[in-house]
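Engineer:
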Amino acid sequence: DAKTTQPNSMESNEEEPVHLPCNHSTISGTDYIHWYRQLPSQGPEYVIHGLTSNVNNRMASLAIAEDRKSSTLILHRATLRDAAVYYCILRAGRWGNTPLVFGKGTRLSVIA
Amino acid sequence: GAVVSQHPSWVICKSGTSVKIECRSLDFQATTMFWYRQFPKQSLMLMATSNEGSKATYEQGVEKDKFLINHASLTLSTLTVTSAHPEDSSFYICSARGGEEGRGSSYNEQFFGPGTRLTVL
């Protein structure tokens with residue numbers, strides 16, 4: 034799976050939107066962009082995924098650049114419960130046949 | 138989404154003892170299960186992949202005789218840390234993936250358990 038680059042950490046105020054960037058300049062045409070997050074002392078949980086078009090679900094929005102070399106996870110109103118490590122992962126195919134490989138992710142802190 | 142459970146959620150043991158961690162898929166059949174290990178402030182590292190009824194495939198650097206994995210059924214996989222030592226203290230996370238075509242995309246998704254924190258004294 035292609036490599037992704039994310040900032041080590043970000044900070045947000047509660048109730049404000051958060052934009053978490055991810056660079057994936059070596060993405061291939063069949064790679065899906067997945068986002069997972071890991072709350073403290075818990076296993077990762079799925080957030081959202083997409084291929085080319087922007088995606089929205091109840092947790093977040095995913096904005097994908099036109100050239101697909103970068104994407105941004107958008108939390109519309111950060112809450113204290115959103116404090117977690119967010120991982121951007123590329124997978125060949127929608128779900129892929131290989132296990133998820135985690136990079137370092139972005140540690141999001143939310144300030145009350 | 139599907140639910141994956143782990144038991145125990147935490148365990149403390151003495152050096153030299155063996156510890157078994159269970160991973161169960163509660164509402165779906167998991168043809169493949171994965172075991173990860175996570176040290177403090179670090180990312181998840183894949184240890185091994187197991188398919189029901191066959192031997193696990195271990196990642197490079199992971200001792201298969203130390204970390205015994207059994208995937209005896211479609212809903213249960215176990216990880217046994219044999220002769221545990223303080224350096225084995227870590228957060229162990231299992232993940233399960235279903236593989237049934239036609240049952241919706243979520244059954245091919247990889248779901249994670251809540252993790253088991255192992256402390257070896």
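So the protein sequences, as listed, match chains L and V. In this text, residue positions in the first sequence follow the numbering used here: the first is 34, and each later residue adds one. In this text, residue positions in the second sequence follow the numbering used here: the first is 138, and each later residue adds one. Glycine residues also receive a C-beta, built at the ideal position from the N, C-alpha and C atoms.
(1) Kindly list, in the order they appear in chain V, the residues whose Cβ is closer than 8 Å to that of Val134/L.
(2) Tell me which residue opens and which closes the beta strand (DSSP E) that Val141/V is part of.
(3) For my contact list, Ala117/L and Arg70/L are in at a C-beta cut-off of 8 Å; report their separation, rounded to the angstrom.
(4) Just tell me which of His222/V, Lys201/V, Ile206/V has its CA closest to the CA of Ser159/V.
(5) Counting pairs of beta carbons, one from the stretch 216 to 228 of chain V and one from the stretch 247 to 255 of chain V, are three or more of them closer than 8 Å?
(6) Is it the case that the stretch 62 to 82 of chain L contacts the stretch 43 to 51 of chain L, given that we only count it when at least three CB pairs across the two stretches are under 8 Å?
(7) Could you name the residues of chain L that Ile230/V contacts, counting a contact when the two beta carbons are closer than 8 Å?
(8) Skipping 5 residues on each side, what residues in its chain have a beta carbon closer than 6 Å to that of Thr215/V?
(9) For my contact list, Tyr79/L and Glu246/V are in at a C-beta cut-off of 8 Å; report their separation, rounded to the angstrom.
(10) Identify every run of the beta strand (DSSP E) within the stretch 95 to 138 of chain L, keeping only runs that are complete inside it and at least 3 residues long; order them along the chain.
(11) Hey, how far is the Cα of His82/L from the Cα of Ile66/L?
(12) Jot down the residue ranges of each uninterrupted beta strand (DSSP E) in the stretch 192 to 245 of chain V, minimum 3 residues, whole runs only, in chain order.
(13) Considering only C-alpha positions, which residue in the set His144/V, Thr212/V, Glu196/V, Ser152/V is nearest to Ala221/V?
(14) Whose C-beta lies closer than 6 Å to the C-beta of His52/L among residues of the same chain, with five residues either side of it excluded?
(15) Keeping to the same chain, check which residues put their C-beta closer than 7 Å to that of Ser162/V; ignore five residues upstream and five downstream.
(16) Leaving out the 5 sequence neighbours to the left and right, which residues in its chain are closer than 8 Å to Thr37/L when beta-carbon positions are compared?
(17) Could you say which of Ser191/V, Lys178/V, Ser210/V lies nearest to Asn41/L if we only look at CA atoms?
(18) Of the choices Val218/V, Ile230/V, Gly198/V, Gln197/V, whose alpha-carbon is the least far from that of Gln175/V?
(19) Looking only at its own chain, which residues have a Cβ that is under 6 Å from the Cβ of Val143/L, when we skip the five neighbours before and after it?
(20) With a CB to CB cut of under 8 Å and the five nearest residues on each side skipped, what residues in its chain are close to Ser210/V?
(21) Let me make sure I understand the geometry here. Which of Gly250/V, Gln197/V, Cys150/V, Ser187/V has the alpha-carbon closest to that of Thr168/V?
Structural biologist: Put simply:
(1) Numbered from its first residue, the first sequence carries residue 134/L at position 101. Per Cβ cutoff of 8 Å: Leu183.
(2) What you label residue 141/V is simply residue 4 of the second sequence in a count that begins at 1. Its beta strand (DSSP E) spans residues 141 to 144.
(3) Walking along the first sequence from the start, residue 117/L turns up at place 84. Walking along the first sequence from the start, residue 70/L turns up at place 37. Indeed they touch by this definition, with Cβ atoms about 4 Å apart.
(4) Walking along the second sequence from the start, residue 159/V turns up at place 22. This sequence places Glu at residue 159/V; Ser is not what is there. Cα-wise, what sits closest to Glu159/V is Ile206/V.
(5) Short answer: they touch.
(6) Inter-segment contact for the stretch 43 to 51 of chain L and the stretch 62 to 82 of chain L is absent: fewer than three beta-carbon pairs are separated by less than 8 Å.
(7) Here residue 230/V corresponds to residue number 93 of the second sequence, with the count starting at 1. Ordered by position in chain L, the residues that pass the 8 Å Cβ test against Ile230/V are Gly76, Pro77.
(8) In the second sequence, counting from the first residue as 1, residue 215/V sits at position 78. If we look at Thr215/V and ignore the five residues flanking it on each side, its Cβ neighbours are Lys157, Glu159, Asn207.
(9) For the purposes of this step, residue 79/L is taken as the residue at position 46 of the first sequence. For the purposes of this step, residue 246/V is taken as the residue at position 109 of the second sequence. Contact flag correct, Cβ pair sits at about 7 Å.
(10) 103 to 108, 117 to 125
(11) Locating residue 82/L in the first sequence gives position 49, counting from the first residue. Locating residue 66/L in the first sequence gives position 33, counting from the first residue. If you take the alpha carbons of His82/L and Ile66/L, they lie about 5 Å apart.
(12) 204 to 210, 213 to 218, 227 to 234
(13) Here residue 221/V refers to the residue found at position 84 of the second sequence. Among His144/V, Thr212/V, Glu196/V, Ser152/V, the Cα nearest to that of Ala221/V is on Ser152/V.
(14) Taking the first residue of the first sequence as 1, we reach residue 52/L at position 19. Answer for His52/L: Thr105, Ile107, listed in chain order.
(15) Stepping through the second sequence from its first residue, residue 162/V is reached at position 25. Cβ within range, chain order: Ala139, Val141, Thr212, Ala233.
(16) In the first sequence, the residue the question calls residue 37/L occupies position 4. Around Thr37/L: Cys55, Asn56, His57, Cys121, Ile122, Leu123, Gly136.
(17) Walking along the first sequence from the start, residue 41/L turns up at place 8. Comparing Cα positions, the closest option is Lys178/V.
(18) Mapped onto the second sequence, residue 175/V falls at position 38. Of the listed residues, the one whose Cα sits closest to Gln175/V is Ile230/V.
(19) Along the first sequence, read from residue 1 onward, the residue named residue 143/L stands at position 110. The residues are Ser45, Glu47, Ala111, Leu113, Asp115, Ala116.
(20) Numbered from 1 along the second sequence, position 73 holds the residue referred to as residue 210/V. Taken in chain order, the residues that qualify are Glu189.
(21) In the second sequence, counting from the first residue as 1, residue 168/V sits at position 31. Of the listed residues, the one whose Cα sits closest to Thr168/V is Ser187/V.
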